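Below is one structure; the comments refer to it alone.
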Amino acid sequence: MIPISVLTGYLGSGKTTVLGRLLTAPAFARTAVIINEFGEVGLDHDLVSASSESLIQLETGCLCCAVRGDLATTLLDLLAARDSGAVPAFERIVIETSGLADPGPILQLLMIDKGLAPRLVLSGVVTTVDAVNGLATLDREPESTKQAAVADRLLITKGDLAGGVPVELAARLLSLNPSAPLDEARFGAFDPEKLFDGGLYDPSGKSPDVMRWLGPDATRPDTATPHLLGISTFTILRDKPLPAVALTLFLETLAEHCGRDLLRMKGILRLAEWPDRPAVIHGVQHVFHPPEFLGQWPSGDRRSRIVFIVRDIPRAWVESLLAAIEDEVAEVARG
């Protein structure tokens, strides 16, 4: 049996950071990672030093693939590739869910699907929770409460920005899931082996709601649910390098005017000042992290790509805002 773990957490809670660290840990060299993204253009593969191909092998020995349609089909295809020798014989699987995913149907699929049960065993669920926005997210987004409630282990991220784990957040998580250990990733540091040592997943010690979510009537994980109405995703693409000052003004304006309706923004950008060193940006609601620069482009695609997941923010407004800022910066440069 191949153990399979689930990495979940709401938009912007740090799953990609956790995944990137996991992919560099020696103990995870024989791991297959499945990324399930919500968006027109996936960036997580690039942001963990992979590519946009459906299945690739990383230098660390890990496999990385993206969900193509149904999760069960993706898993069966991955197992078939292992059996045929088309890919190395990985020893475990980690699924990174979309930040908007209801984890119940995903876990139910992994536990009782007749095609998967003979080969895979659900070995644990790790949920990331943002120390800055986590409490407000739990109040507003029902998926985030489910993600916390089903976890074997809760990992608090961005505690360095919040001055530690807020007492109110810890109390709320304890009420949702008293059996899950609470860990903290300080400045992105945590022990990946410790996170994924939960053993066989056992929902019996969790709340009655969890048992209901994992029951036979749970919705299939590829089915849309009504609460997603109003949430949309779009991608801004730019072939021409973007001036750094234009990026700064753009992010400041988004933070000021979009607030909590900017559920998630992440991008990889080609800046005019450093065209060979792509800048990676992340934003959640009012919080934007300083850009991080990669040593080189992770793939041949050198366009700037910014993926947005928003609630009731028109794509046209965002595109017009960026265009207006670019024009203003260009006019100032011309003198």
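Residue numbers for the sequence shown follow the working numbering, beginning at 304 and rising by one. Heads up, the beta-carbon is just placed ideally off N, CA and C, and yes, glycines get one too. Keep in mind the model is a prediction, meaning the values are calculated, not measured.
1) Would the beta-carbon of L574 fall within 8 Å of that of A547?
2) What would DSSP say about E444, mapped onto helix, strand or coil?
3) Could you check where the beta strand (DSSP E) with W577 kicks off and where it finishes?
4) May I have a chain-ordered list of the alpha helix (DSSP H) segments no shorter than 4 residues that lie completely inside the segment 437 to 486?
5) Can you list, in chain order, the residues of its chain whose CB lies under 8 Å from that of F493, leaving out five sequence neighbours each side?
6) Going by C-alpha distance, which of L423, L379, A454 and A332 is nearest M514?
7) Just checking my contact of D542 with R606 at CB under 8 Å: how many whole Å lie between their CB atoms?
8) Quick one: using the 10 Å Cβ neighbour count with 16 as the cut-off for buried, is M568 buried or exposed?
9) Report yes if the C-beta distance between R563 and Q588 is below 8 Å; otherwise report no.
10) Could you please give the first and the last residue of the uninterrupted alpha helix (DSSP H) stretch that includes P306?
11) Here's a check: name, in chain order, each residue in its chain whose Cβ is nearer than 8 Å to the Cβ of A375, leaving out the five neighbours to either side.
12) Would you call the CB atoms of S482 and P306 closer than 8 Å?
13) Identify, in the order they occur along the chain, each residue of the same chain with its Cβ nearer than 8 Å to the Cβ of R523, setting aside the five sequence neighbours on each side.
14) May I have the straight-line CA-CA distance separating S387 from D380, to the nearest angstrom?
15) With a cut-off of 8 Å on the beta carbons, I'd call K318 and L326 a contact; round off their distance for me.
16) Exposed or buried, what is L464 when buried is set at 16 or more other beta-carbons lying within 10 Å of its beta-carbon?
17) Output the residue ranges of the beta strand (DSSP E) runs that lie fully inside the segment 532 to 572 and measure 3 residues or longer, sorted by chain position.
18) If you follow the beta strand (DSSP E) that D433 is in, where does it begin and where does it stop?
19) Buried or exposed for R608, please, with buried defined as at least 16 other CB atoms from any protein chain shown within 10 angstroms of its CB.
20) Using only alpha-carbon positions, find the residue among S602, L554 and F596 that is nearest to V590.
21) Quick check on the DSSP output: the beta strand (DSSP E) that includes L608 runs from which residue to which?
22) Work out the CA separation of L498 and L382 for me, nearest whole Å.
23) State the Cα-Cα distance for the pair H530 and G508, rounded to the nearest angstrom.
24) Run through DSSP, which three-state label would R324 get?
25) So what does A626 bridge to, in DSSP terms?
26) Which residue wins for smallest C-alpha separation from K449, given the options P578, V397 and P506?
27) With a threshold of 6 Å on Cβ separation, who are the neighbours of W620 within its own chain once the five nearest residues in sequence on each side are excluded?
28) State the DSSP-derived secondary structure class of V390, mapped to helix, strand or coil.
29) For R580 and G598, which I take to be in contact (beta-carbon distance under 8 Å), what is that distance rounded to the nearest angstrom?
30) Along the beta strand (DSSP E) that carries R395, what are the first and last residues, could you check?
31) What number of angstroms, rounded off, separates the C-alpha of R385 from the C-alpha of P495?
Looking at the atomic coordinates:
1) With contacts defined by Cβ atoms closer than 8 Å, L574 and A547 form a contacting pair.
2) In the structure shown, E444 falls within a coil segment according to DSSP collapsed to helix, strand and coil.
3) W577 to V587 is the extent of the beta strand (DSSP E) around W577.
4) Here the runs fully enclosed are 437 to 443, 445 to 452, 462 to 465 and 470 to 479.
5) Contacts found: V321, R324, L458, D486 and E487.
6) Cα-wise, what sits closest to M514 is A454.
7) In this structure D542 is in contact with R606, their Cβ atoms being roughly 6 Å apart against a cut-off of 8 Å.
8) M568 comes out buried.
9) By the CB criterion at 8 Å, R563 and Q588 fall inside the cutoff.
10) Not the alpha helix (DSSP H): P306 falls in the beta strand (DSSP E), residues I305 to G312.
11) Beyond the five residues adjoining it in sequence on each side, A375 comes within less than 8 Å, by CB distance, of L412, D416, G418 and L419 in the same chain, given in chain order.
12) Not closer than 8 Å, so no.
13) Low confidence applies to R523: its pLDDT is 49, below 50, so where it sits in the model is not reliable, and the reading given next is rough at best. If we look at R523 and ignore the five residues flanking it on each side, its Cβ neighbours are P408 and L412.
14) Straight-line spacing of the CA atoms in S387 and D380 works out to 11 Å.
15) The pair is not a contact, with the Cβ atoms about 12 Å apart (cut-off 8 Å).
16) By the 10 Å Cβ count, L464 comes out exposed.
17) List check, beta strand (DSSP E) in window: 534 to 541.
18) From DSSP, the beta strand (DSSP E) with D433 extends over L423 to D433.
19) That one is buried.
20) The option with the nearest alpha carbon to V590 is L554.
21) Reading the sequence as shown, one finds Arg at residue 608 and not Leu. Counted as a single uninterrupted DSSP element, the beta strand (DSSP E) harbouring R608 occupies residues S607 to R614.
22) When only Cα atoms are considered, L382 and L498 end up about 24 Å apart.
23) Residue placement at H530 is flagged as unreliable, the pLDDT there being 49, under the threshold of 50; the coordinate-derived value follows with that caveat. Rounded to the nearest angstrom, the two C-alpha atoms are 28 Å apart.
24) Correct three-state label for R324: helix.
25) DSSP, once it has assigned bridges, lists no residue as partnering A626.
26) Residue P506 is the option with its Cα nearest to K449.
27) Closer than 6 Å at Cβ, skipping near neighbours: no residue.
28) Reduced to three states, the DSSP call for V390 is coil.
29) R580 to G598, Cβ: 7 Å. Contact.
30) It spans R395 to E399 - the beta strand (DSSP E) in which R395 sits, taken as one unbroken run.
31) Taking the straight line joining both Cα atoms gives about 24 Å.
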